[in-house]
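Heads up, the sequence shown is in this note's numbering, so the first residue is 1 and it goes up one at a time. Each residue gets a CB set at the ideal place from its N, CA and C atoms; glycine is no exception.
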Amino acid sequence: MALEGLRRGIQGALGRLRGKRTIDEEELRAMVRDLRRALLSADFNVRQTKEITDRLERRMKEDEPRPGVTLQTHAMNIIYMELVRMLGAPKEIIPFNQRVLMVGLYGQGKTTTTAKMAAWWKRKHKLDIGVIEADVHRPGAYAQLCQLLEPHGIDVYGEPENPDAASIVKNGIVSLGNKDVLIVDTAGRDQLDEDLQAELLDIADLVKATETLLVIDAQVGQAAGPVAAKFHELVGVTGVIVTKMDGTARGGGALSAVATTGSPIVFIGEGERVEDLEKFEGDRFISRLLGMGDIQGLIDLAPEDLDQEEAMRLTERLMSGRFSLNDMSQQMEMMSKIGTVDRILSHLPAGMFGGLGAMGRSQKEQMQGNLERFKVIMDSMTSHEKDEPQVLKAERIRRIAKGSGVNEKDVRELLAQWNRSRKMMKGIRGNRQLRKQMKSMMSDDTDFELPM
Ligand SMILES: Nc1nc2c(ncn2[C@@H]2O[C@H](COP(=O)(O)OP(=O)(O)OP(=O)(O)O)[C@@H](O)[C@H]2O)c(=O)[nH]1
Ligand SMILES: [Mg+2]
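Below, the structure is given as structure tokens:
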């Protein structure tokens, strides 16, 4: 995975705590030093590194790990929270009725990423994607894009002989304008000189992009920050893609520097192949980086670790329209353990989230038990089955029950719970009034009654 060096560095630092119940000053200092070194090698800047390590040091001294939580897990949770906070909230691009404008400096991976995203949306969402090659400066840009996309059956519009980018875009929109998603690849620039700025602005005017995505090579490390800020000033960047995370140890710097500009990172590139694209969500990324898995990361967080922003993000995800078995178990996990979300949800009508908001202690314990059983069952499912539990018919249910050593009844119970929760989520999503209230509730802390 990306940032292998940082991963090893953090694990090395945390390794100093293995099996320990207490830690003395000197050991703590050594751990903090290791962590500092790991972050700096990943090109995090000095200030960010200091903030993270200072906070870790202070909290390791001041906070008691909660009962049952080892010192090592405690430290890992602190690092997790710090890194996730640094990377900012994720952003989802709903691939429908989108016009996407790709911008960036020379050789950063724009054309490759254009192809990757087109193939991604076609593959994952079965959508009709069109691509316009509007780079008139790089010889062979059109051929490069065609070559990448031909195997995926995606239409590319280009006029390799035409030196006028704006007219290509105009014709391209006429030709491909009714696609679900239209992506426009543009010329790279050495820096944002005036000619290219003017060309880019012309193209932006024509495309009227719903998303303007900046592509940056991770290799530039911290320098990604100023680049993102400049492009944002010029064309209004709505998201950033950090490429070549596979080829550099400095990716941490690029990710964090971009995040501090306020532009969300939407994808990362992890190789030259069209398939080497990954959707970027800071919490999942860090959780994997730390070897916590996708869900695990949330388990041991104390309520005070989950600030309002985080809680809001979780709620948004729950409302995002995607509701897989993983989402459900994650939701259950939070409900049963984490006070903040619990507190927020306790303001909601008792029936919402399958009644989770109104649960008492013993019910929570019971849910914890269910959750553990559900997890064992889910371990015997393929990721496709977890994403789309509808496919689970009798034969698969039998296989899963066998694989996880439970009764078929238990598998069906899991599915029934999922179905109930999903319906509930649908109800929330369909109710605009309610959504609005949930959002405003997340953004200010005042109590209010919901009209249900
Ligand atoms: N290892 C790796 N290589 C990548 C990745 N993304 C792009 N590349 C390579 O980087 C080189 C430049 O990529 P392009 O897509 O042509 O970059 P560009 O921004 O379109 O370049 P110009 O059009 O010349 O400005 C190519 O050799 C790509 O294969 C990535 O995520 N990982
Ligand atoms: Mg290109």
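*asked:* I need the straight-line Cα distance from Val-184 to Glu-25, nearest angstrom please.
replied: Those two C-alpha atoms are separated by around 56 Å.
_Beta-carbon proximity list for Leu-145, same chain, < 8 Å, skipping 5 on both sides_ = Hits under 8 Å: Thr-111, Thr-114, Ala-115, Val-131, Glu-133, Val-156, Gly-158 and Asp-185.
*Under 7 Å from any heavy atom of ligand 2, does the C-beta of Thr-111 make it?*
For Thr-111, the shortest separation between its Cβ and any heavy atom of ligand 2 lies below 7 Å.
*What's the gap between the Cα of Asp-300 and the Cα of Ala-416?*
Confidence is the limiting factor: at Asp-300 the pLDDT is only 32, short of 50, which leaves the residue's position unreliable, though a coordinate-based value still follows. Rounded to whole angstroms, the gap between the alpha carbons of Asp-300 and Ala-416 is 27 Å.
*asked:* Helix, strand or coil for Leu-105? Go by DSSP, reduced to three states.
replied: Strand, per DSSP.
*Short check: CB of Leu-214 to CB of Gly-104, under 8 Å?*
Cβ distance < 8 Å, so Leu-214 and Gly-104 count as in contact.
*Which whole-angstrom value is the C-beta distance of Leu-290 and Ile-79, which I expect to be below 8 Å?*
Correct: roughly 7 Å between the Cβ atoms.
*Between which two residues does the beta strand (DSSP E) harbouring Lys-279 extend?*
Run containing Lys-279: 277-279, per the beta strand (DSSP E) assignment.
*Whole angstroms is fine: what's the gap from Asp-276's alpha carbon to Leu-148's?*
Computed Cα separation, rounded: 12 Å.
*Check whether the Cβ of Val-185 lies closer than 7 Å to any heavy atom of ligand 2, and answer yes or no.*
Sequence check: residue 185 is Asp here, not Val. Flag set: Cβ of Asp-185 near ligand 2.
*For Arg-8, is the classification buried or exposed, using 16 other Cβ atoms within 10 angstroms of its Cβ as the cut-off for buried?*
It is exposed - the Cβ of Arg-8 has fewer than 16 other Cβ atoms within 10 Å.
*Whose C-beta lies closer than 6 Å to the C-beta of Gln-296 among residues of the same chain, with five residues either side of it excluded?*
Below a pLDDT of 50, predicted positions are generally treated as unreliable, and Gln-296, at 32, falls in that range; the measurement from the model is reported next regardless. If we look at Gln-296 and ignore the five residues flanking it on each side, it has no Cβ neighbours.
*Please report the residue range of the alpha helix (DSSP H) in which Asp-185 lies.*
Counting along the chain, Asp-185 sits inside no alpha helix (DSSP H); it lies in the beta strand (DSSP E) bounded by residues 181-185.
*In the structure shown, what three-state DSSP assignment does Glu-453 receive?*
With the chain running from 1 to 452 in the structure shown, residue 453 is simply not present.
*What are the complete alpha helix (DSSP H) segments, minimum 4 residues, inside the region 222-293?*
Considered as a whole, the region 222-293 harbours 224-235, 251-260 and 282-289 as its complete alpha helix (DSSP H) runs of no fewer than 4 residues, in chain order.
_Which same chain residues end up closer than 7 Å to Lys-179 when comparing Cβ atoms and leaving out the 5 residues on each side of it in sequence?_
These residues qualify, in order along the chain: Asp-128, Ile-129 and Gly-130.
*Between the C-alpha atoms of Leu-50 and Asp-190, what's the straight-line distance to the nearest angstrom?*
The question names Leu, but residue 50 in the sequence shown is Lys. Between the alpha carbons of Lys-50 and Asp-190 lies a distance of about 33 Å.
*Can you check DSSP and say which residues form a bridge with Gln-98?*
Beta-bridge pairing links Gln-98 to Val-181.
*Provide the residue span of the alpha helix (DSSP H) that contains Gly-403, from first to last.*
Unbroken alpha helix (DSSP H) run through Gly-403: 394-404.
_Using only the alpha-carbon positions, how far apart do Glu-4 and Val-69 sit?_
Straight-line spacing of the CA atoms in Glu-4 and Val-69 works out to 26 Å.
*Which parts of the region 86-165 are runs of the beta strand (DSSP E), unbroken and 3 residues or longer, counting only runs that do not cross its ends?*
Taken in chain order, the complete beta strand (DSSP E) segments of 3 residues or longer contained in the region 86-165 are 98-103, 129-133 and 155-157.
*Going by C-alpha distance, which of Thr-210, Arg-373 and Val-406 is nearest Gln-98?*
Selected option, being the one with the closest Cα: Thr-210.
*Among the residues of its own chain, which have a CB less than 7 Å from the CB of Ala-75, if the five just before and after it don't count?*
Result list for Ala-75: Leu-14, Leu-17, Leu-56 and Met-60, in chain order.
*asked:* Mapping the DSSP letters down to three states, classify Arg-458 as helix, strand or coil.
replied: Any answer about residue 458 is impossible in this case: the structure gives the chain only from 1 up to 452.
_7 Å CB neighbourhood of Thr-248 in its chain, flanking five on each side removed_ = The beta carbon of Thr-248 sits closer than 7 Å to those of Ala-218 and Gln-219, all from its chain and outside the five residues before and after it, given in chain order.
_Val-240 and Ile-203 closer than 8 Å at C-beta_ = Not a contact, by the Cβ cut-off of 8 Å.
*Exposed or buried, what is Leu-356 when buried is set at 16 or more other beta-carbons lying within 10 Å of its beta-carbon?*
Here Leu-356 scores only 47 on pLDDT, less than 50, and its place in the model is too uncertain to base an answer on.
*For Pro-90, which of Pro-389, Ser-263 and Asp-327 has the nearest alpha-carbon?*
The closest CA to that of Pro-90, considering only Pro-389, Ser-263 and Asp-327, is found on Ser-263.
*Just confirm the distance between the C-beta atoms of Thr-261 and Leu-101, as a whole number of angstroms; I'd bet it's less than 8 Å.*
Not a contact, Cβ separation roughly 18 Å.
*Hey, Gly-225 and Ala-42: beta-carbon distance below 8 Å or not?*
It is not a contact, given that the beta carbons lie outside the stated cut-off.
*For Ile-23, which of helix, strand or coil comes out of DSSP?*
Three-state result, Ile-23: coil.
*Tell me whether Asp-190 counts as near ligand 1, meaning its Cβ is closer than 7 Å to at least one heavy atom of that ligand.*
Flag unset: Cβ of Asp-190 not near ligand 1.
*Rounded to whole angstroms, what's the CA-CA distance from Arg-273 to Met-245? Just pull it up for me.*
Approximately 13 Å between the Cα atoms of the pair.
*So, is Arg-33 buried or exposed, given that buried needs 16 or more other C-beta atoms within 10 angstroms?*
Exposed, by the Cβ-count rule.
*Would you list the one or two residues that DSSP bridges to Arg-189?*
DSSP lists Leu-105 as partners of Arg-189.
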